Amino acid sequence: PAEITLLSARDLTETTCVVFDILRATSSMVTALAHGVPEIYPVCTIEEARAMKAKLPEVVLGGERKGDRIAGFDIGNSPSEYQNLQGRRIVTTTTNGTVALRACERAQRVLVGALLNLDALAKVIRTSVPENLLLVCAGTFETFALEDAYAAGRLIAEFTGATHSDAAQTVAAMAAHYPTPLEALRAARNGQALTATGRAGDVEWCAQVSRFNVVGLMEAAVIRPLPA
Ligand code: MLT
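Residue numbers (the working numbering): 92 to 319.
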């Protein structure tokens, strides 16, 4: 039997979601927040992003399609482009990451996850003790992405005393299999594709664990920094 899980059909009203798109959307967002960006607006389509820019001309328009900067946009989706935007607001649309974030909109709480802020995420979750925690792995198009599951597994490993689903236990065991995060990201198809297109530096950046002490909190479709 086939199985399709539609996130939109789930009741998330008592759930904290942590959204991971390690390569590269949520890593770029965490990088931006850590460098003084006060607000990020994740949107699903290029048209929505352009419409927001028309209304708010001062925003930085970022994102990608097929990994590349979108025509007419200010920046693409490389974390290296999100380090010098202090005080600026960003509108971004990416193939999977921003869509996954917006799909969680009705959740009790939505956090932006990355390896870059793993300790901070664990700290925020420990402090708030959510009833239900759903780790949302954005994936690549409709498919599973190793790097997102790896990050989810690393976060789950921080909560040894809690009750975990089979999926949660599986990704924790999978993550433990890799000696280093960089090896996991390099094994991933996305990691290989980015390396093949000259973006190995992005893969290395996104593989850094707990470099930043900030978590993104999405409320009413706006992501703001939540210090851990
Ligand atoms: C996405 O949102 O699909 C990814 O972050 C794509 C990318 O690596 O830029």
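Note that CB positions come from ideal geometry on N, CA and C, so glycine has one too. From a predicted model like this one, the values you see are computed outputs, not experimental measurements.
Taken through DSSP and simplified to helix, strand or coil, residue 175 comes out as coil. When 231, 265, 202, 237 are compared, the shortest CA-CA separation from residue 306 is found for 202. For residue 229, the distance from the CB to the nearest heavy atom of ligand 1 is below 7 Å. Per DSSP, the unbroken beta strand (DSSP E) holding residue 228 starts and ends at 223-228. With respect to the C-alpha of residue 265, the residue from 242, 179, 213 having the closest C-alpha is 242. Inside the segment 247-289, DSSP marks no whole beta strand (DSSP E) run of 3 or more residues.
For residue 295, the enclosing alpha helix (DSSP H) covers residues 291-297.
In this structure the segment 284-294 touches the segment 104-119; the number of beta carbon pairs closer than 8 Å is three or more.
Residue 239 has its Cβ no nearer than 7 Å to any heavy atom of ligand 1. Between residue 175 and the set 127, 313, 300, 263, the nearest pair of CA atoms involves 127. For residue 218, the uninterrupted alpha helix (DSSP H) segment begins and ends at 209-219. Taking residue 314 as the centre and dropping the five residues before and after it, the same chain places the C-beta of 120, 124, 130, 131, 132, 133, 192, 203, 307, 308 closer than 8 Å to its C-beta, in chain order. The beta carbon of residue 155 sits closer than 7 Å to at least one heavy atom of ligand 1. Taken through DSSP and simplified to helix, strand or coil, residue 190 comes out as helix.
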